[in-house]
Every structure is written in C-alpha cells, then in structure tokens.
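Student:
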Amino acid sequence: MARGWFRLKKGRTVFCWYNADGEERSKVVGPDNLSEEEAWVKIGELGLNKLVAKSDPTCITFGELGEKYLAEHPFNKTSTKELHTQIVRNLLMPKWRDEVAVEIDPPKLKGWMVSLDVASPTRGKYKSVMSGVYSWGQCEGLIPRGEQYNPCRYVRGREFSQVTSYEAMALEIEDVFAVLSELQQPEYELGLLVIACQLRISEALGLIWKDILWNRGMIAIRRTFVHSTMQDGAKTKLSRSRVEAPKLVLDALDGWRRNSLYAGDDDYVFPSCKLHGKQPRSGSMLVEDYLRPAAIRAGVITIRDGKTYDRDGELVKRFGYHVLGRHSVATFLMDEQENPAVVQAVMRHSRMNMTLYYAHSQRKAKRAAQEKILQHLVPAPADVRGPLRVPLKIQ
153 MARGWFRLKK GRTVFCWYNA DGEERSKVVG PDNLSEEEAW VKIGELGLNK
203 LVAKSDPTCI TFGELGEKYL AEHPFNKTST KELHTQIVRN LLMPKWRDEV
253 AVEIDPPKLK GWMVSLDVAS PTRGKYKSVM SGVYSWGQCE GLIPRGEQYN
303 PCRYVRGREF SQVTSYEAMA LEIEDVFAVL SELQQPEYEL GLLVIACQLR
353 ISEALGLIWK DILWNRGMIA IRRTFVHSTM QDGAKTKLSR SRVEAPKLVL
403 DALDGWRRNS LYAGDDDYVF PSCKLHGKQP RSGSMLVEDY LRPAAIRAGV
453 ITIRDGKTYD RDGELVKRFG YHVLGRHSVA TFLMDEQENP AVVQAVMRHS
503 RMNMTLYYAH SQRKAKRAAQ EKILQHLVPA PADVRGPLRV PLKIQ
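Numbered as in the working numbering, the sequence shown ends at 547 without a single skipped number.
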C-alpha cells in the first residue's frame with residue numbers, strides 16, 4: 153500500500169492519496185504546524201491509510217512522485233530538504249505536476265530547462281534534483297526501474313555543466329591578522345576559533361561550553377546551527393570529530409566565558425542575547441554587522457556602489473567566515489610547505505582533492521615560483537645580473 157502525502161494549504165495540513173481508480177483524494181487533518189510524525193499519527197487515528205491504494209507505476213504523475221519524495225525521502229540535513237523542496241515545489245511542479253512521470257519526453261524536458269534564464273551550474277542542479285526524484289521513486293518501487301524510465305538520463309549538454317567559474321577569495325595571512333585585530337570580544341574569539349581550529353561557522357555557533365574539553369586541549373563537534381535550526385552531527389562523517397584547540401584559543405575562550413551572561417555547561421558559547429541565550433547568534437548577521445565592517449576598516453575589502461572589491465579592485469562575490477578561515481588558512485599552510493596530509497586532517501576533508509580546492513595560489517607564492525625559474529635561466533649573482541639575452545634571429 154502507498155502511504156499518500158501531505159500538502160500545506162491555507163494554513164492547514166492536507167493529506168492526499170490516490171484511490172483504487174487512480175483518482176486523487178484529499179482531507180484536512182490539522183493545522184499547518186503539525187510535524188510529520190504528528191500528521192501520520194492523525195492519519196492512523198482517522199483510518200485514512202486504509203483508503204490509500206498503490207497507483208499503477210506506469211501511470212503515476214510527477215506531481216504524486218514529487219510529493220511522495222519530499223514527504224518520505226530521508227534527507228540527512230534540514231538545509232538539503234529545504235533546497236529540494238524549493239526546487240521541486242516552486243520550479244518542477246508547476247510545469248510537470250500533471251504529466252505521467254515515465255512519459256515525460258527528454259527533448260521536451262531539455263528544451264524547457266534550457267529556456268530557464270539561469271546559469272549552467274544552477275540548471276545542472278535542477279536536473280540533478282529532478283533525476284534524484286526519479287531514482288528514489290525507482291528504489292521505492294513507485295515507478296519502473298531502468299534508465300529508460302528516467303528522462304533526466306537523456307538530458308545532456310554543456311548547458312547543464314555544474315562546473316562554476318566562481319573562485320573563492322583567499323586572504324594573505326597578514327590580512328587575516330588585520331581583520332582579526334579589528335574585532336572585539338566575543339567576535340574576536342569567534343574569529344580566532346574559526347581560523348585556528350578550522351571550524352565552519354555553523355559548527356562554531358553550535359558549540360556549548362561542555363563541548364570544550366579544557367583539560368585535553370580539544371573541542372568536540374556535536375552539532376551545527378544552520379538556517380536558524382540546530383542540527384545534530386556535523387556536515388560530514390569525518391567532521392564529527394574532536395578538533396585540536398591550541399592553548400591561545402582556549403585562553404581566549406576562557407576569558408570570554410568569564411564575561412558571558414550565559415556561562416553554564418549547557419549554554420551556547422556564542423549565544424543570542426536578544427533571545428536570552430536560547431539559541432546562538434546568526435552567522436549572516438555576524439558577517440554583516442561585524443566581520444565585513446572589520447575587513448573594510450582593515451583595508452582588505454572596499455564597498456563601491458553596493459559591490460565588494462578586494463585590494464586589487466577585483467569583484468568579491470562572497471566574503472564571510474569561510475574566506476577568513478578555511479580558504480585563507482588552507483592556502484597559507486600549503487604555501488608554507490606543510491604536509492598536505494596534515495592540512496587535509498586539519499580541514500577534516502575526506503578527500504585530498506577537496507583540500508586542494510581550498511588551497512589557492514597566492515601572489516607571493518606565484519612570484520616566488522617565478523623567481524626559482526629565473527635562478528636557473530640567469531645563474532649570475534644578483535648584484536651583477538642583467539636582462540635576459542634575446543636569441544639572435546636566424547637570417
């Protein structure tokens with residue numbers, strides 16, 4: 153038996169299902185603030201689950217398949233579920249809701265996707281999410297298995313490339329110090345934690361005081377604060393670990409704890425005073441109110457006509473704690489010839505190629521490499537070195 157699915161409509165939770173004749177039916181089961189668990193309990197109490205019939209796999213519409221996917225797929229993170237919900241409900245459903253899922257024509261699908269006024273990586277993301285809906289439906293037996301029943305498999309081309317031209321900014325270590333020097337307590341301690349311990353901002357904001365293992369010089373990553381929601385665990389399996397915390401960082405955090413209004417073991421390390429310590433501060437607000445102004449005062453970035461530029465006048469698309477910490481520090485450690493395996497461990501990456509993605513080529517490092525080349529081309533002492541000789545032209 154199929155389980156049916158939920159829609160939120162006009163402040164109410166509506167249970168939907170297909171009967172034995174393939175007709176859609178629905179019934180209001182409560183307000184829209186019901187959790188999924190509460191809604192399913194209500195379904196059992198009303199006996200609605202007995203009315204649900206399994207649809208013919210070859211006749212199920214994309215609308216039914218998509219709603220079931222959003223209701224039943226075990227998303228690992230709330231943020232991922234929110235993204236997929238937005239794409240499926242706001243983009244894919246309006247166009248394909250009433251189409252039989254396995255009969256959607258690949259050329260028609262490709263033509264529609266290409267017509268969307270978005271960048272290729274974004275279009276590729278839309279295709280990936282839609283393909284995931286089909287793959288999940290096949291695993292659950294809702295639609296027939298086989299590539300021929302997933303139209304996204306045949307939607308290909310450079311218009312769907314997920315390779316982006318975006319390159320994150322990485323600061324010189326002197327600029328990292330300059331920005332940090334412009335911050336005060338507790339924003340200074342937060343920045344120091346992100347830089348020295350390579351914590352993601354979501355991990356740092358998710359810390360409570362007992363996560364800091366003072367006697368062992370470590371910090372336990374047990375939760376993250378993403379989109380104003382506290383989530384158990386870290387971003388990846390490898391990230392759920394204990395992070396080395398240098399004594400300087402621990403001393404700074406200890407100083408902040410003595411001044412904090414919320415210093416109990418179960419209190420957040422960086423609590424929101426407006427919310428009386430019941431949840432951490434907002435990462436986006438910390439960037440806008442403290443980090444970016446500090447970078448401007450330090451001369452690291454400038455704002456002109458509402459856009460952000462670096463010292464060289466290049467446009468900066470994003471500037472936040474990820475730039476200050478992970479991108480800049482990974483680049484610095486690689487430039488300092490640190491063992492790549494150690495850098496990977498510090499960053500808590502499962503794959504070396506991800507660590508290399510974070511390590512950018514800084515101007516000083518590139519200039520030093522060029523100097524090494526010149527040392528072999530012009531081996532004379534520096535004080536008598538002249539211009540390179542130009543080869544004679546063959547007459």
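Glycine is no exception: its CB is placed at the ideal position from the N, C-alpha and C atoms.
Count the other CB atoms, across all protein chains shown, that sit within 10 Å of the CB of GLU216; report buried if there are 16 or more and exposed otherwise.
Tutor: Sequence index remark: in the sequence shown, residue 216 carries index 64 (1-based). So GLU216 ends up on the buried side.
Student: Residue ranges of each beta strand (DSSP E) run of no fewer than 3 residues wholly in the region 385 to 469, ordered along the chain?
Tutor: Listed in chain order, the complete beta strand (DSSP E) runs (minimum 3 residues) inside the region 385 to 469 are 394 to 396, 454 to 456, 459 to 461.
Student: For a minimum of 4 consecutive residues, which ranges assigned as the alpha helix (DSSP H) are wholly contained in the region 186 to 226?
Tutor: List check, alpha helix (DSSP H) in window: 188 to 198, 214 to 224.
Student: My output table needs one value for VAL252: the three-state DSSP class, helix, strand or coil.
Tutor: Here residue 252 refers to the residue found at position 100 when the sequence shown is read from its first residue. Of the three classes helix, strand and coil, the one that applies to VAL252 here is strand, per DSSP.
Student: Express the C-alpha separation of LEU261 and LYS516 in angstroms, rounding to a whole number.
Tutor: If you number the sequence shown from 1, residue 516 lands on position 364. If you number the sequence shown from 1, residue 261 lands on position 109. Whole-angstrom Cα-Cα distance: 48 Å.
Student: Give every residue of the same chain whose Cβ lies closer than 6 Å to the Cβ of GLY199, excluding the five residues on either side of it in the sequence, and list them in chain order.
Tutor: Numbered from its first residue, the sequence shown carries residue 199 at position 47. Once the five neighbours on either side are set aside, GLY199 has no close Cβ partner at all.
Student: Measuring CB to CB, does ALA191 end up less than 8 Å from ASP327?
Tutor: In the sequence shown, residue 191 corresponds to position 39, counting from 1. In the sequence shown, residue 327 corresponds to position 175, counting from 1. Not in contact: ALA191 and ASP327 (Cβ atoms no closer than 8 Å).
Student: With distance defined between alpha-carbon atoms, name the residue in ASN302, GLU440, VAL331, VAL421 nearest to THR213.
Tutor: As a working mapping, residue 213 is identified with position 61 in the sequence shown. For the residues ASN302, GLU440, VAL331, VAL421, the minimum Cα distance to THR213 belongs to ASN302.
Student: Of the residues LYS220, SER380, LEU342, MET437, which one's Cα is nearest the Cα of LEU405?
Tutor: Position 253 of the sequence shown, counted from the start, is the residue given in the question as residue 405. Selected option, being the one with the closest Cα: LEU342.
Student: Compute the Euclidean distance between the alpha carbons of LEU485 and ALA521, then round it to the nearest angstrom.
Tutor: Translated into positions along the sequence shown, residue 485 becomes position 333. Translated into positions along the sequence shown, residue 521 becomes position 369. Distance between the alpha carbons of LEU485 and ALA521: 16 Å.
Student: Mapping the DSSP letters down to three states, classify GLY296 as helix, strand or coil.
Tutor: What you label residue 296 is simply residue 144 of the sequence shown in a count that begins at 1. Residue identity differs from the one stated: residue 296 is Pro in this sequence, not Gly. Note: PRO296 maps to coil in three-state DSSP.
Student: Less than 7 Å between C-beta atoms, sequence neighbours within five positions excluded: which residues of the same chain meet that for GLN527?
Tutor: By 1-based counting over the sequence shown, the position of residue 527 is 375. Same-chain partners within the cutoff: there are none.
Student: May I ask you to list the residues that DSSP assigns as paired with ALA372?
Tutor: Against the sequence shown, residue 372 aligns to sequence position 220. Per DSSP, ARG394.
Student: Which of the three DSSP states, helix, strand or coil, is assigned to VAL180?
Tutor: Working through the sequence shown from its first residue, we reach residue 180 at position 28. Strand.
Student: I need the DSSP call for PHE471, collapsed to helix, strand or coil.
Tutor: The residue you call residue 471 lines up with position 319 of the sequence shown. The answer is coil: DSSP assigns PHE471 none of H, G, I, E or B.
Student: Following the continuous beta strand (DSSP E) through LYS161, name the residue where it begins and the one where it ends.
Tutor: Taking the first residue of the sequence shown as position 1, residue 161 is located at position 9. First-last of the beta strand (DSSP E) with LYS161: 157 to 161.
Student: Please report how far the alpha carbon of TYR473 lies from the alpha carbon of PRO259, in whole angstroms.
Tutor: Counting from 1 along the sequence shown, the entry for residue 473 is found at position 321. Counting from 1 along the sequence shown, the entry for residue 259 is found at position 107. C-alpha separation (whole angstroms): 42 Å.
Student: Here's the rule I'm using: 16 or more other beta-carbon atoms within 10 Å means buried, otherwise exposed. How should PRO183 be labelled?
Tutor: The residue labelled residue 183 in the question sits at position 31 within the sequence shown. PRO183 is exposed by the Cβ-count criterion.
Student: So, MET321 versus PHE471, is the Cβ gap smaller than 8 Å?
Tutor: Within the sequence shown, the letter at position 169 stands for residue 321. Within the sequence shown, the letter at position 319 stands for residue 471. A contact, by the Cβ cut-off of 8 Å.
Student: Rounded to a whole number of angstroms, what is the C-alpha to C-alpha distance between ALA447 and HIS479?
Tutor: Taking the sequence shown and counting its residues from 1, one reaches residue 447 at position 295. Taking the sequence shown and counting its residues from 1, one reaches residue 479 at position 327. Between ALA447 and HIS479, the C-alpha separation is close to 16 Å.
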